[in-house]
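Heads up, the thing below is written out as structure tokens.
Printed below as a string of structure tokens:
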């Protein structure tokens, strides 16, 4: 039933504005891929193109080998879950869920049975006769989910399905969505701007920016090995320090940043390091110490904020303003001198763009 | 805990109520009067002025014409107005902003001017039949109301509902009838009633477009008043009110129920 989705070299315009540029994306059978990015990055446009609500300027979309590009939206057989639920206000919960079956000529006993079983699965069997207006946000989204799943589509697409729910429910629902998707093994596209949500439920995540996919990878790889500065910043590498290798010595290299700051880095940890590179570190990846003998980036500490698990310092260095976290047990005064020591586990190497 | 209502508020509400209902009571009273002139309170009770309406041939014919014109022009206005409102709501971003203003422009033109220009162009220039001119004139008159009312109810319609239906396999046109229309049902009914009443009661446009042999009820009423001052005028008014209420009830029943039945 479930099929792989292939988006090939899609370019799309809104009037004169180019919103997607030569975008390609392959999603394997049964895989859940999230499109993650800020508003205006093209993630919803991509979803609407696949759904058939928009037409690409060029490129093609195929689902299980079948070309969808010119097919009208109502013939595409895709399950859609909308941000604002989009339930039919004039139909009962059961009729909402049964709507897609009715279009497919399923009626009577067979329809009642499948709708009942689906409502049972999302835990709403007792609300079958209610109108959507009488449901809570979480219940509405379950109905929307049931309505999309009951037609057993080869592809499921979610357009920010949880952003109208409160934080607690959001976490519960995303687990539920993931479980249902896994159980059915349906190929899925999930659009969201919430990084935690995307990383927690996806097999792979495409981080999008300005109509392009900046990186498509597993959540683990994105989080630890961003491919470029944009993705690095997106996943929380606040400090990007351009460096140049000045000496190679077996398993170690010595590199120099602006202002003559020298650091020794282990090839064993970072892998191959090109002559020019960017050292990307999270705030946790720069340990603040007042031991001036330590090898690190000399700094004058600025504003100190309390994070609960650490103190965070805005630190002025010769390589620019950096953000670093220091120990709770040893608060340092703003204005004092310190060293920022890179913690390899929280740092990564980026190529110069 | 029961809320205490200020006596002044009750008094004011009563005043407004009297202001609104008072004239209707006077008209109804006058219509039932046994006198040969208009008077209130009625002196003696009689239904003879109602009988008089149907005794006068012109009233019988004009009632029929008014109903025909109102029903046909209301349907034509809905036929134009519903798709127009839909397009303007659905494609609000793509369409120019002045378009929705254009559709309500006829409201801004004094009806007398509209009536006169229709007379000049439709009747004189194109020699259009009187009945057709009336239909065209009334359609132009009520179209802005239809579009305003239906647009208002479409404004709260979430078009992703329509997309949801399409994604589930319902073709766009079918979706329009099975998903969109049921959700703007109350707007359509309101537009129908408003348009119908406006058409039945119209004087300013009809007075130019009616002609030999064909007239509408309000115009006939005007003609009658010029000669007689008997309670027939009041009884025709009552009849118009009853007619309007009856149409509202029928529309609510039929249109309302068929839409509910999907």
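Chains as they are written, first to last, in the numbering used here: chain A, 14 to 366; chain B, 96 to 357.
Glycine included, C-beta positions come from ideal geometry on N, C-alpha and C.
The Cβ atoms of residue 162(A) and residue 131(A) sit closer than 9 Å to each other. When 182(A), 15(A), 280(A) and 354(A) are compared, the shortest CA-CA separation from residue 91(A) is found for 15(A). For residue 186(A), the enclosing alpha helix (DSSP H) covers residues 180–197.
Nearest CB-CB separation between residue 266(B) and chain A: below the 9 Å threshold. Around the beta-carbon of residue 319(B), 16 or more other beta-carbon atoms lie within 10 Å, marking it buried.
The beta-carbon of residue 116(A) is placed less than 9 Å from the nearest beta-carbon of chain B.
DSSP places residue 271(A) outside any beta strand (DSSP E), giving it a letter other than H or E. Interface residue (Cβ-Cβ distance to chain B less than 9 Å): residue 113(A) is classified as such.
Residue 98(A) has no beta-bridge partner at all, per DSSP.
With fewer than 16 other CB atoms across the displayed protein chains lying within 10 angstroms of its CB, residue 101(B) is exposed. Between the alpha carbons of residue 172(A) and residue 229(A) lies a gap of roughly 18 Å.
Look at residue 258(B): its C-beta is under 9 Å from a C-beta on chain A. Assignment of beta-bridge partners to residue 169(A) by DSSP yields 92(A) and 201(A). Unbroken beta strand (DSSP E) runs of no fewer than 3 residues, entirely contained in the region 230–298 of chain A, are found at 252–262, 265–270, 275–279 and 289–294, following chain order. For residue 102(A), the chain B residues whose Cβ falls inside 8 Å of its Cβ are 256 and 278, in order along the chain. Annotation for residue 354(A): the continuous beta strand (DSSP E) segment containing it runs 350–355. For a cut-off of 8 Å, the C-beta gap from residue 311(B) to residue 157(B) is around 6 Å, short enough to register as a contact. Residue 212(A) and residue 245(B) have their alpha carbons spaced roughly 44 Å apart. Contact between the region 322–333 of chain B and the region 173–183 of chain B is absent: fewer than 3 CB-CB pairs across the two stretches fall below 8 Å. For the set 89(A), 71(A), 196(A) and 305(A), the Cα lying nearest the Cα of residue 259(B) is the one of 89(A). Rounded to whole angstroms, the separation of the alpha carbons of residue 160(B) and residue 292(B) is 14 Å. Distance from residue 230(B) to residue 298(B) at the Cβ level is roughly 17 Å; contact not present, criterion being Cβ atoms closer than 8 Å. Proximity of chain B to residue 211(A) at the Cβ level (cut-off 9 Å) is not reached, the minimal Cβ distance being about 21 Å. Within the model, the alpha-carbon separation for residue 139(B) versus residue 240(B) is close to 42 Å.
The residue from 139(A), 44(A) and 29(A) with its alpha-carbon nearest to that of residue 197(A) is 44(A). Residue 25(A) is bridged by DSSP to 33(A). Residue 311(A) sits close to residue 331(A), with the two beta carbons spaced by under 9 Å.
Taking residue 287(A) as the centre and dropping the five residues before and after it, the same chain places the C-beta of 364 closer than 7 Å to its C-beta, in chain order.
The beta carbon of residue 347(A) sits closer than 7 Å to the beta carbons of 314, 315, 316 and 317 from its chain, once the five residues preceding and following it are set aside; these are given in chain order. Around the CB of residue 194(A), 16 or more other CB atoms lie within 10 Å, so the residue is classed as buried. Interface residue (Cβ-Cβ distance to chain B less than 9 Å): residue 87(A) is classified as such. Comparing alpha carbon positions, the residue from 341(A), 343(A) and 326(A) closest to residue 335(A) is 326(A). Residue 297(A) is positioned such that its CB atom lies closer than 9 Å to that of residue 323(A). Here the alpha carbon of residue 217(B) sits roughly 16 Å from the alpha carbon of residue 164(B). Neighbours of residue 274(B) across chain A, judged by C-beta separation under 7 Å: 101. Interface with chain B (9 Å Cβ-Cβ cutoff): residue 345(A) is excluded.
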